[in-house]
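Asker:
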Amino acid sequence: MPAKNLGTKYVCYKCSTKFYDMKKPDPICPKCGADQRESPANRPASEGRRGRVAAVPKVIEPVEPEAPEALEEEEELEAFEEEEEAEPEDETL
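Each residue of the sequence shown is one higher than the last, beginning at 7 in our numbering.
This is how it looks when you write it as structure tokens:
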């Protein structure tokens, strides 16, 4: 059971001592004298490099292929011309 009249329970961030603040306004460790309000766990996390880079979304626009239809038409024309040339040779034999 927690002692209700002793105040808030703390674990010192410097020396790991467990103590109660005795309802005092300043939670100071009795063993090492560290003010628990200065704990690194109480500080807001800095954005850091990853936070700034990830915060701005990158817009990637699709790249259109360079005239693939024109290439296909040329290939079809070449294939069609080769077939026409091949047909008369087959008929003469």
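Yeah, the Cβ is synthetic: ideal placement off N, Cα and C, and Gly gets one too.
From the DSSP secondary-structure annotation, give me the bridge partner or partners of Ile66.
Answerer: According to DSSP, Ile66 bridges with nothing at all.
Asker: How would you call Pro36, buried or exposed, if buried means at least 16 neighbouring beta carbons within 10 angstroms?
Answerer: Looking at its Cβ environment, which holds fewer than 16 other Cβ atoms inside 10 Å, Pro36 is exposed.
Asker: Classify Cys38: buried if its beta carbon has 16 or more other beta carbons within 10 angstroms, exposed otherwise.
Answerer: Cys38 is exposed by the Cβ-count criterion.
Asker: Between the C-alpha atoms of Asn48 and Cys18, what's the straight-line distance to the nearest angstrom?
Answerer: Whole-angstrom Cα-Cα distance: 12 Å.
Asker: How long is the line joining the alpha carbons of Asn11 and Met28, rounded to whole angstroms?
Answerer: In a straight line, the C-alpha of Asn11 is about 8 Å away from that of Met28.
Asker: Within a Cβ cutoff of 8 Å, which residues of the same chain sit near Asp32, ignoring the five residues on either side of it in sequence?
Answerer: Within the same chain, Asp32 has close Cβ partners Asp41, Arg43.
Asker: Could you check the C-alpha separation between Thr14 and Ser22 for me, to the nearest Å?
Answerer: Rounded to whole angstroms, Thr14 to Ser22 spans 15 Å at the Cα level.
Asker: Hey, how far is the Cα of Lys20 from the Cα of Ile34?
Answerer: The straight-line gap from Cα to Cα measures roughly 11 Å.
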